[in-house]
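Asks: According to numbering that gives the first Met the number 0, the sequence shown is numbered sequentially starting from 0. Ideal Cβ positions, reconstructed from N, Cα and C, are used throughout, including at glycine. I have a structure here, written as structure tokens, and I will follow up with some questions on it.
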Amino acid sequence: MSKANAGSRWVKIAETLARKMPGEWVLAGRGQRAVLVRRPIGWTVPFIAFGQTSYGEGRLFAARMSLLEPYTGWKVTFGISLQDTPLYRPKLVITEPAAADRVERFVMDHGLAAVDAFPEPRMVEVCAGLQPPIDLTSSPYWAMAPGWAVITGQGSPVPSATAFVEFWTSRDPDNPHMVFYRDLIAQWEAGGGDAALAHLQRNREEIMTSQKLPDADRSPVPWT
0 MSKANAGSRW VKIAETLARK MPGEWVLAGR GQRAVLVRRP IGWTVPFIAF
50 GQTSYGEGRL FAARMSLLEP YTGWKVTFGI SLQDTPLYRP KLVITEPAAA
100 DRVERFVMDH GLAAVDAFPE PRMVEVCAGL QPPIDLTSSP YWAMAPGWAV
150 ITGQGSPVPS ATAFVEFWTS RDPDNPHMVF YRDLIAQWEA GGGDAALAHL
200 QRNREEIMTS QKLPDADRSP VPWT
């Protein structure tokens, strides 16, 4: 099965599914890399994504991606994958006739609930209550904590950003994503909340551009 055939089939399934799901879902990107995203987009992106292994097995993901940190891919950290459900077997082959029904069952029975299990207010609540030390389990929340502190006006992002940088540089000194957090600290110290917010907005804009997310959502929904 060629990537082109798999990508074309996934897009057709996703377009049909978008019309059935509650809310407004649109496709971003092309082929296998096309991702269903729910509008309006705030500081996180609810998404449904497809992937395929080198031996032709399909992968499905339903999750929420943060725009408050550097882009590292459409990860399932805050969500669920097909492999986590009883629908995992038999192997998903996206070009087979039964694939459309299986994708729909995954999304409707598991995916949407998983996406909505991590709403932005819940993320803010968890991040506000974080206490050192950081570990690999809590690390995804620490990655967002500096940004949420700025967005919600809860205080300085410096303590959480500093702790996160120290945690990762002790394990991966050359991690390029730490520059983002060092710059956020510098912006806060130089210009306060407005400068830090502008830094976060630039990062959000870069991700939306690179991932071809809807132009109509370039301005984030105000936090209330």
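#1: Secondary structure at Glu68, three-state DSSP: helix, strand or coil?
#2: Thr43 bridges to which residues according to DSSP?
#3: Among all the DSSP beta bridges, which residues are the ones paired with Phe60?
#4: Return the Cβ separation of Val114 and Pro158 in integer angstroms, given the expectation that the two are a contact with Cβ distance under 8 Å.
#5: So the alpha helix (DSSP H) Ala194 belongs to, where does it begin and stop?
#6: Can you give me the C-alpha to C-alpha distance between Thr52 and Ala98, rounded to a whole angstrom?
#7: Taking the straight line between their C-alpha atoms, what separation do you get for Lys19 and Gly110?
#8: So Leu26 is in the beta strand (DSSP E); what residue range does that whole segment cover?
#9: For a test of the three-state rule: what should DSSP assign to Val75, helix, strand or coil?
#10: Under the DSSP definition of a beta bridge, which residues are partnered with Arg37?
Replies: Let's see:
#1: By 1-based counting over the sequence shown, the position of residue 68 is 69. DSSP places Glu68 in coil when its eight states are reduced to three.
#2: As a first step, residue 43 must be located in the sequence shown, where it is residue number 44. By DSSP's assignment, Thr43 forms a beta bridge with Ser65.
#3: Against the sequence shown, residue 60 aligns to sequence position 61. In the DSSP output, where bridge partners are listed per residue, Phe60 has Ala48 and Ser80.
#4: The residue given as residue 114 occupies position 115 in the sequence shown. The residue given as residue 158 occupies position 159 in the sequence shown. About 30 Å separates the two Cβ atoms, so there is no contact after all.
#5: Sequence index remark: in the sequence shown, residue 194 carries index 195 (1-based). Start and end: Met177 to Ser209.
#6: To locate residue 52, count along the sequence shown from 1; it is residue 53. To locate residue 98, count along the sequence shown from 1; it is residue 99. Cα to Cα, Thr52 sits roughly 16 Å from Ala98.
#7: As a working mapping, residue 19 is identified with position 20 in the sequence shown. As a working mapping, residue 110 is identified with position 111 in the sequence shown. If I take the Cα positions, the gap works out to 14 Å.
#8: If you number the sequence shown from 1, residue 26 lands on position 27. Leu26 -> beta strand (DSSP E) spans Glu23 to Ala27.
#9: Here the question's residue 75 lines up with position 76 in the sequence shown. Reduced to three states, the DSSP call for Val75 is coil.
#10: For the purposes of this step, residue 37 is taken as the residue at position 38 of the sequence shown. In the DSSP output, where bridge partners are listed per residue, Arg37 has Trp24.
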